[in-house]
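Report on the structure given below.
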Amino acid sequence: MGGDFNCHSKEWDQDVQHHRTTAILLVETAASLGLEYARPDNYGPTYVSRANQNIRSVIDLVFVSTTDTLSACVKRAVEHQGRSDHVPLSATIPLRHTVPKVKGRTLEPFSDEEKEFVADIVLDIGDLSGYHPTTAEEVERMASAVADAFSAAWKKHSTEYVVGPNSREYWNDKCTEALEEYRREMSVENHKAFRSAVKAAKREFFDKRIEEVATTNKRPWDLMEWVKERKNPPCEAIQFEGRPCHNLGDLWNALHSTYNAASDRPVDVSILDKLTDEPERSWPKFSQLELRQALEACSARSAPGPDHITWRHLKQILALPECGDIIIALANGCMESGHWPRHFKESTSVIIPKPNKPSYSAPKAFRPIVLLNTLGKLIEKMISNRFQHDMIKHDLVDPNQMGGVRQRSTEDAGLFLTHLVRSGWAQKLQTSVVAFDVAQFFPSINHQFLLAVLEKLGFNRRVVAFFRSYLVDRFTTYAWNRDTSDSRRADVGVGQGSALSPVLSALVIAPVMKLFRKRSAGLGCTLISYVDDGDIIVQSSEIDTNCVMLRHAYSIVFELFTKSGLALEHDKTELFHFTRARTGFDRSLDLGYALYTGDNLFRPKTYWRYLGFYFDRKLTFQEHVRYYTTKALTIVMAMRMLGNSTRGLSPRNKRILYRACVVPIATYGHRLWYFEGAKNKGALKSLTSMQRKAACWITGAFRTSPTGGVESLAGLPPIHLHLHKLSQRAVFRTATLSDSHPLRSLMKGEHAKTAIPALGASCWMSADKQKVVYDAVTETNGKIHTLTEVFSPTAEENTPGERLLDKHQGRVLFDEFDPKGEDALPKRRSFLDTLQRQAAQQRGTVCCGTDCSVPRRAAHQATASFVIERVGHDPATSTWAAGRITSACAELFAIRAAIVRATTLDGCGHIIIFTDSMSSARRSVDPSVHSGQAHSLAVCKALDRWVSEGEDRYIEFIGTPSKLEWGIQHKAHRAARSLPPIPVGRRPATTLDSVRKGITQSALDSWATMFRDERYRGSQFLTMRELKGTDIAPTYANGGSWLKSVGEDTLLCTRMCRAILNHAPIGEYYRRFNIQEDHACTCGAERQSRDHIFTRCPDMVTRRRSPKLLNELIGFLQQNPHAFGFRPAPQGIG
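Taking the working numbering, I'd label the letters of the sequence shown as residues 1 to 1134.
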């Protein structure tokens, strides 16, 4: 690919200092095509102005395949320039060599062979039931037995496959016959027949593939290849230490040396002596709940490791409690013996290219992704979950660490930085940032330093002993395209792909962050980090003062990272000044380290890309919005290959694809620029234009259709309402954050919790100055008081291994109601009657019925109630106001009150809760962060104490359908409705779900108001009613108000939308837009209008009036398959 791109960038022009959006998109587009920029051998300007010889630039570019980057010969052909002001470019591309066939083994998903594969594994590892290893030898023996079971089943049930250079999945018998006929007689007709056969085969294959992925598997987003499989260049294209890799052996050595460069790097563990020793903490045994939660969070589509076991296989195997107990025993044995089996230390390091690299000729431009044995990864995930809890609960990491720690995201880092900048401007301070990157961070983590950190932070000695075994004697095999290396020792770093790599890397960075905080106390600077990306932030009244502070702070950071065994990449370090002044924003810095010292000063960027955000010096975020809007628009345009207005993806799946894969990209980082008081009219306009194109693609509407009408039909809320909903819901997410979260250090009052106020935050400022700071943080400060609910992410009841269901899972029982079957309700009533009779004969049994009532009017509070019955005592009933909350939270409140009351009754040994909300029942014993967490914590605390006082005590939750109006549960139902309406008052109790529901409903109401305006929906929009008589209002639930009526019929949807909008291929439309087509109807009428087609056209099965109900319109279109469609071409054409 080559030509005059008229695009300037430092990547191909050494006289340019920027790499802006257009250049970034050009590089990404080329990369998506498997191409990259090829630098001419005789580098020089490709454009020289005839008017001014001093105007020179490089704007003519050549992109070649990544496999030909180094072997391609690109030259500036100056001798052929002639009178043109552009220098021609010539490129010589080598011919391809024959690609060898590759053999492998596979197991067809969801096949009978796969079922037998899983069954054999379950049978083989079942022999280990009851075995509890306690020594390293026993752990190794048990892990080997499991590995042997996996290996034997794989060899028995997998089949061999061969992939050749000409493999074509779409090829069928018709293609073969057409090809053979063409080879026998190479005529033009046979060639056309062959091409037609191939085209038909492709269409049939890909239509089936789209239907399988989108409809059968219900995963339309799998059709979007965000990071397209990009083939790595051949080994000859990789250079290491100035020499090309002539063969695969050289390539393996280059990769191994690059990713193990830190093996001999010195480390100074003594720097940890300045930190306080944390007390040693206990390490309880793993439980079935921890295993199940870790397994549920795993994607069934992730790549397997060397054992060929996928997460889907493991979920099927561990669905049996007996198999789960075996794995729990193995995991506990590993921790108790301090040994990690050899089987789990084997891995495959798949080498993939890092995105947006200008060149892929060096190993450091690639990233090793470690594929571990799946069972070992599962145990690692359980360990990681415990580490995450401890890191937050005991403040083991620095408050300003964003990456690798639960609840801390890239958006949090962006909000933290922008708040400091805007607060500084309110105090007339300028903000400067030096961003640095740790070289080969994950592969360079020093094991000696990591073990010392674990001991320092108070992890149990068994845990430290386990990691001494976990980190050594590891072996990996490198995979480059379809080639694999021999097994090589990898005893340095932690592999990307392991569940432990984020937490271990965060623990390694934590001491560096804490020591920097101590040593830089006099500098007045802030250090934040996101995994291996760090920022030094300084503020003062002058940029020059900032530069002096940055140089001192950077030297401290460099020293601390060096002593911890890590190295900074100075060539990746970036400088940026946030200032609204007209001067000073380009001030350079003498960093004190090569490359940026002496005469070669460190120059600031025009735009700074950090964590995917594009910062400009005035925080307008115009470049950020422009980049992501353009990227989203490009994706929308590319999605057209998956379907059009007649075939391909169904409208419902198109909509899912857009909302799942495009909207998150378009709105990434929106809280940095969308908040109260922000100027974002231009940004919203470009995003609306992007969404309009998506809506037209989904509905098949013409591009002349009104934006509001197309959005409503597609079930896409206006982008500004969607952003408003997201930002408002994010406000209340802050309440769920841990007490030491970085955002809490920017807040004031009770919402700051225990966080130390950040240096430079607005909470230090006077009330008058705080009023001039506009951003998402100050908006949160002003609105979060609406939520009265309090959360506790690190509550004692939420400690992994010590939770109620960790210790007493067999004594908390659930009996769900299955509504399937004609006689399901009578059977359930009989079961409930029998259960009640049995309870009436047991003196220690307490029966509780719970229910709630939520009024329709927001001005009234919800009510909750319970009824308690037991032998020898009168029934006890309690009803109370619960606040402005949802029905699920009110049900949870009722269950909490009933259980707490029941556990205090004398002689209670068995509790039965009858409820019509089993989801709330399960939530009541879940102490994690969710709406109504305080009720769950109270339940867990009461039940834990009550169950521990007797070995035969247990509780049952019985699903009781409200339709039955049965017994004690119906009594609670009547009690909940017995109270008169209770006003909410000035500040009613609210929950997270209730405020989020209110935000969502507010957005829908605003959308409905907009829809009633003809200027939004279009003056020709055909308004219709629902069966109950109300006008159809737009919504985004269940596919929208209109799309859900057409099912999977793409053509029917297209004709329906065009008919409703009155932008259809009919005479009236042609006349309105002056289109040179026949304005008359096919029946001979002079004017073909929508009303004519509905009521008067003799060519149609007409009706007496235009459709008033959506079902009437659908029925009309089904009876008239050509209505509102294009007229068929005249005979003999097409």
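We put the beta carbon where it would ideally sit given N, CA and C, even for glycine.
* Identity of the residue in Pro742, Lys155, Leu248 nearest glycine 104 by Cα -> For the purposes of this step, residue 104 is identified with residue 104 of the sequence shown, where counting begins at 1. The option with the nearest alpha carbon to glycine 104 is Lys155.
* valine 74 and valine 58 closer than 8 Å at C-beta -> Along the sequence shown, one-based indexing puts residue 74 at 74. Along the sequence shown, one-based indexing puts residue 58 at 58. Not closer than 8 Å, so no.
* Element boundaries [alpha helix (DSSP H), containing arginine 76] -> Taking the first residue of the sequence shown as 1, we reach residue 76 at position 76. Looking at the DSSP string, arginine 76 is not in any alpha helix (DSSP H); the run it does join, the beta strand (DSSP E), is 73 to 76.
* To do: Given a cut-off of 8 Å, decide if leucine 804 and cysteine 889 are closer than it, judged by their beta-carbon atoms.
  => On the sequence shown, position 889 is the one that residue 889 refers to. On the sequence shown, position 804 is the one that residue 804 refers to. Cβ distance not < 8 Å, so cysteine 889 and leucine 804 don't count as in contact.
* Asked: Excluding the five sequence neighbours on either side, which residues of its own chain have a C-beta within less than 6 Å of the C-beta of valine 538, listed in chain order?
  -> What you label residue 538 is simply residue 538 of the sequence shown in a count that begins at 1. Counting only Cβ-Cβ distances below 6 Å, and skipping sequence neighbours, we find Ser432, Cys525, Asn546, Met549, Leu550.
* To do: For asparagine 933, collect the residues of the same chain with a Cβ closer than 6 Å to its Cβ; drop the 5 residues on either side in sequence, then sort them by chain order.
  => The sequence position of residue 933 within the sequence shown is 933, counting from 1. In the sequence as presented, asparagine is not what sits at residue 933; that position holds glutamine. Taken in chain order, the residues that qualify are Phe791.
* Asked: Alpha carbon to alpha carbon, what distance is there between leucine 743 and serine 931?
  -> For the purposes of this step, residue 931 is taken as residue 931 along the sequence shown, with counting starting at 1. For the purposes of this step, residue 743 is taken as residue 743 along the sequence shown, with counting starting at 1. Serine 931 and leucine 743: Cα-Cα distance of roughly 21 Å.
* To do: Return helix, strand or coil for glycine 849, following the three-state DSSP convention.
  => Within the sequence shown, the letter at position 849 stands for residue 849. DSSP, read as helix, strand or coil, puts glycine 849 in strand.
* Asked: Can you give, in chain order, each stretch of the beta strand (DSSP E) that sits fully within the segment 1 to 75 and has at least 3 residues?
  -> 2 to 4, 35 to 37, 60 to 65
* Asked: By a C-beta neighbour count over all protein chains shown, 10 Å radius and 16 as the cutoff for buried, is histidine 873 buried or exposed?
  -> Within the sequence shown, the letter at position 873 stands for residue 873. By the Cβ neighbour-count rule, histidine 873 is exposed, with fewer than 16 other Cβ atoms within 10 Å of its own.
* **DSSP-derived helix/strand/coil call for glutamine 239** => As a first step, residue 239 is located in the sequence shown; it is residue number 239 there, counting from the start. For glutamine 239, the three-state secondary structure derived from DSSP is strand.
* **Residues that aspartate 85 bridges to, as DSSP identifies them** => Reading the sequence shown from its first residue, position 85 is the one you call residue 85. Partner(s): none; aspartate 85 has no beta bridge.
* Asked: Taking DSSP as the reference, what is the three-state secondary structure of isoleucine 93?
  -> Looking up residue 93 in the sequence shown gives position 93. If DSSP states are grouped into helix, strand and coil, isoleucine 93 belongs with coil.
* Given a threshold of 16 other Cβ atoms within 10 Å of its Cβ, counted over all protein chains shown, does valine 227 qualify as buried or as exposed? -> One-based indexing of the sequence shown puts residue 227 at position 227. Summary for valine 227: the model assigns pLDDT 36, below 50, so the residue's position carries little reliability; its value from the coordinates is reported in the next sentence. Exposed, by the Cβ-count rule.
* To do: Specify the secondary structure class of isoleucine 1133 as computed by DSSP and reduced to three states.
  => The count along the sequence shown starts at 1 and reaches residue 1133 at position 1133. No answer about isoleucine 1133 holds up, because its pLDDT of 46 lies below 50 and its placement is not dependable.
* If you check the beta carbons only, do leucine 223 and leucine 642 fall under 8 Å apart? -> Your numbering for residue 223 matches position 223 in the sequence shown. Your numbering for residue 642 matches position 642 in the sequence shown. Against a cut-off of 8 Å, the Cβ pair of leucine 642 and leucine 223 comes out as a contact.
* Asked: leucine 992 and threonine 863: beta carbons closer than 8 Å?
  -> In the sequence shown, residue 992 corresponds to position 992, counting from 1. In the sequence shown, residue 863 corresponds to position 863, counting from 1. No, they are not a contact pair.
* Cβ pair count under 8 Å reaching 3, the segment 136 to 149 against the segment 337 to 348 -> yes
* To do: Kindly indicate which residue of Val27, Glu36, Asp15, Ala294 has the alpha-carbon position closest to the one of glycine 44.
  => As a working note, residue 44 is residue 44 in the sequence shown. Checking every option, the nearest Cα to that of glycine 44 belongs to Asp15.
* Asked: Going by Cα to Cα distance, which pick from Phe459, Ser337, Ala362, Glu290 is closest to cysteine 245?
  -> Position 245 of the sequence shown, counted from the start, is the residue given in the question as residue 245. Cα-wise, what sits closest to cysteine 245 is Ala362.
* Asked: Does the Cβ of methionine 186 have 16 or more other Cβ atoms within 10 Å, making it buried, or fewer, making it exposed?
  -> The count along the sequence shown starts at 1 and reaches residue 186 at position 186. Label assigned to methionine 186: exposed.
* Return the residue from the list Trp171, Val871, Gly715, Arg203 that minimises the CA-CA distance to glycine 1040. => Working through the sequence shown from its first residue, we reach residue 1040 at position 1040. Taking only the C-alpha atoms, the option nearest glycine 1040 is Gly715.
* To do: Check lysine 228 in the structure and name its three-state DSSP category.
  => For the purposes of this step, residue 228 is taken as residue 228 along the sequence shown, with counting starting at 1. In this prediction, lysine 228 scores a pLDDT of 47, lower than 50, which makes its location untrustworthy; no coordinate-derived value is stated.
* Just curious, the beta strand (DSSP E) that glutamine 770 is in, first and last residue? -> In the sequence shown, residue 770 corresponds to position 770, counting from 1. No beta strand (DSSP E) contains glutamine 770, which is instead part of the alpha helix (DSSP H) from 767 to 770.
* Between phenylalanine 814 and arginine 828, which are expected to be in contact by the criterion C-beta below 8 Å, what is the C-beta distance as a whole number of angstroms? -> As a working mapping, residue 814 is identified with position 814 in the sequence shown. As a working mapping, residue 828 is identified with position 828 in the sequence shown. The C-beta distance from phenylalanine 814 to arginine 828 rounds to 15 Å, too long to fall under 8 Å, and the pair is not in contact.
* Distance CB(valine 995)-CB(threonine 786) smaller than 8 Å -> By 1-based counting over the sequence shown, the position of residue 995 is 995. By 1-based counting over the sequence shown, the position of residue 786 is 786. For valine 995 and threonine 786, yes; Cβs fall inside 8 Å.
* Outcome for cysteine 1083 when other beta-carbon atoms lying within 10 angstroms are tallied against a minimum of 16 -> In the sequence shown, the residue the question calls residue 1083 occupies position 1083. Counting Cβ neighbours within 10 Å, cysteine 1083 comes out exposed, since fewer than 16 surround it.
* To do: Identify, in the order they occur along the chain, each residue of the same chain with its Cβ nearer than 7 Å to the Cβ of isoleucine 351, setting aside the five sequence neighbours on each side.
  => Here residue 351 is taken as the residue at index 351 of the sequence shown, counted from 1. Asn232, Leu255, Phe366, Pro368, Tyr478, Ala479, Trp480, listed in sequence order.
* Asked: From glutamate 229 to valine 405, what distance separates their C-alpha atoms?
  -> On the sequence shown, position 229 is the one that residue 229 refers to. On the sequence shown, position 405 is the one that residue 405 refers to. Low local confidence applies: a pLDDT of 48 at glutamate 229 is under 50, so the model's placement there is unreliable, with the coordinate-based value given in what follows. Answer to the nearest angstrom: the Cα atoms are 29 Å apart.
* To do: Take every Cβ of the segment 719 to 731, pair it with every Cβ of the segment 1050 to 1068, and state whether three or more of those distances are shorter than 8 Å.
  => no
* To do: Identify, in the order they occur along the chain, each residue of the same chain with its Cβ nearer than 6 Å to the Cβ of cysteine 1139, setting aside the five sequence neighbours on each side.
  => Because residue 1139 is not part of the residues shown, which for the chain are 1 to 1134, the question remains open.
* Cα-Cα separation between leucine 684 and methionine 402, rounded to whole angstroms -> Counting from one through the sequence shown, the residue named residue 684 turns up at place 684. Counting from one through the sequence shown, the residue named residue 402 turns up at place 402. Going from the Cα of leucine 684 to the Cα of methionine 402 covers about 29 Å.
* To do: Note down, in chain order, each residue of its chain lying with its Cβ closer than 7 Å to the Cβ of leucine 179, except the 5 sequence neighbours on either side.
  => Counting from one through the sequence shown, the residue named residue 179 turns up at place 179. Apart from the 5 residues on each side of it in sequence, leucine 179 sits with its Cβ closer than 7 Å to the Cβ of Phe194 in its chain, given in chain order.
* Roughly how many whole angstroms lie between the Cα atoms of glutamate 380 and methionine 335? -> Working through the sequence shown from its first residue, we reach residue 380 at position 380. Working through the sequence shown from its first residue, we reach residue 335 at position 335. Near 11 Å, if we compare the C-alpha coordinates of methionine 335 and glutamate 380.
* With leucine 1043 and arginine 655 assumed to form a contact (beta carbons below 8 Å), what rounded beta-carbon distance in angstroms separates them? -> For the purposes of this step, residue 1043 is taken as the residue at position 1043 of the sequence shown. For the purposes of this step, residue 655 is taken as the residue at position 655 of the sequence shown. About 7 Å; that satisfies the 8 Å criterion.
* Do phenylalanine 675 and tyrosine 530 have their C-beta atoms within less than 8 Å of each other? -> If you number the sequence shown from 1, residue 675 lands on position 675. If you number the sequence shown from 1, residue 530 lands on position 530. No, the Cβ-Cβ distance between phenylalanine 675 and tyrosine 530 is not below 8 Å.
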